[in-house]
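Visitor: Residues in the sequence shown are numbered from 0 upward in steps of one, following numbering that gives the first Met the number 0.
We put the beta carbon where it would ideally sit given N, CA and C, even for glycine.
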Amino acid sequence: MYRRKKRQITRYKKTKIDGIQFQSKLESHMYLLLKAHKIKAGYESRKFTIIDGFQLPFSSYEKTPKKKFLHDKGNKKILPITYTPDFVDVQDPPRFIIECKGNPNERFPMVWKLFKRYLTMNNMNPVLFVPRNQKDCLEVVKIINDLLR
0 MYRRKKRQIT RYKKTKIDGI QFQSKLESHM YLLLKAHKIK AGYESRKFTI IDGFQLPFSS
60 YEKTPKKKFL HDKGNKKILP ITYTPDFVDV QDPPRFIIEC KGNPNERFPM VWKLFKRYLT
120 MNNMNPVLFV PRNQKDCLEV VKIINDLLR
């Protein structure tokens, strides 16, 4: 019996502007707006380590997609959880951080909360923006212009 392959839905389209590869059209639109209003922000220029890596000193039996049975994934180094926002102010500490999210995935709300906690614990007080569409991007640029005056 012949089975039709399900078509994968493309939720974003990579674009390249000024030699920079953007992950989505919303990010490239935000970049063009920031550039037009002469707001200096680096694209994926800064990586934040939200939770440091650690050594797991005990066994942990888990199933993985490739292995059909439980196997020991413990007694290993657990990698840190890092977060890279789309646009970060060039000033240190940053005055604003922009994360363009058209369709947030299931991981985003948890990582975003951890990122906010990280900023709070490290006494960083940037203004955070999460535009969901091009109209939101225009509003973000307007707020940043008012903020920087």
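1. In angstroms with no decimal places, state the Cα-to-Cα distance between residue 140 and residue 104.
2. Return the chain-ordered list of same chain residues with a C-beta closer than 6 Å to the C-beta of residue 61, the five sequence neighbours on each side being excluded.
3. Out of 83, 28, 46, 124, point me to the one whose CA is closest to residue 94's CA.
4. Of all the options 112, 23, 16, which has the alpha carbon lying nearest to the alpha carbon of residue 132?
5. Please state whether the Cβ-Cβ distance between residue 68 and residue 117 is less than 8 Å.
6. When you compare the CB positions of residue 86 and residue 29, do they come within less than 8 Å of one another, or not?
7. Which residues mark the beginning and the end of the beta strand (DSSP E) in which residue 15 is found?
8. Give me, in chain order, the residues of the same chain whose beta-carbon lies closer than 7 Å to that of residue 53; leave out the 5 immediate sequence neighbours on both sides.
9. Skipping 5 residues on each side, what residues in its chain have a beta carbon closer than 8 Å to that of residue 199?
10. Assuming the contact rule is C-beta atoms closer than 8 Å, residue 83 and residue 26 should be a hit. Round their C-beta distance to whole Å, please.
11. Would you say residue 127 and residue 80 are within 8 Å of each other, going by their C-beta atoms?
12. Measure the alpha-carbon distance for residue 102 versus residue 74 and round it to whole angstroms.
13. Short check: CB of residue 40 to CB of residue 33, under 8 Å?
14. When you compare only the Cα positions, how much space is there between residue 98 and residue 59?
15. Tell me whether residue 110 sits in a helix, a strand or coil according to DSSP, three-state version.
Guide: From the atom records:
1. When rounded, the separation of the alpha-carbon atoms in residue 140 and residue 104 is 25 Å.
2. Here the set comprises 72.
3. 124
4. 23
5. Their beta carbons are not under 8 Å apart, which means residue 68 does not touch residue 117 by this criterion.
6. yes
7. 14–16
8. Apart from the 5 residues on each side of it in sequence, residue 53 sits with its Cβ closer than 7 Å to the Cβ of 77 in its chain, given in chain order.
9. Because the chain spans 0 through 148 in this model, residue 199 falls outside it and cannot be assessed.
10. With a Cβ gap of about 12 Å, residue 83 and residue 26 do not count as contacting.
11. no
12. 36 Å
13. yes
14. 34 Å
15. helix
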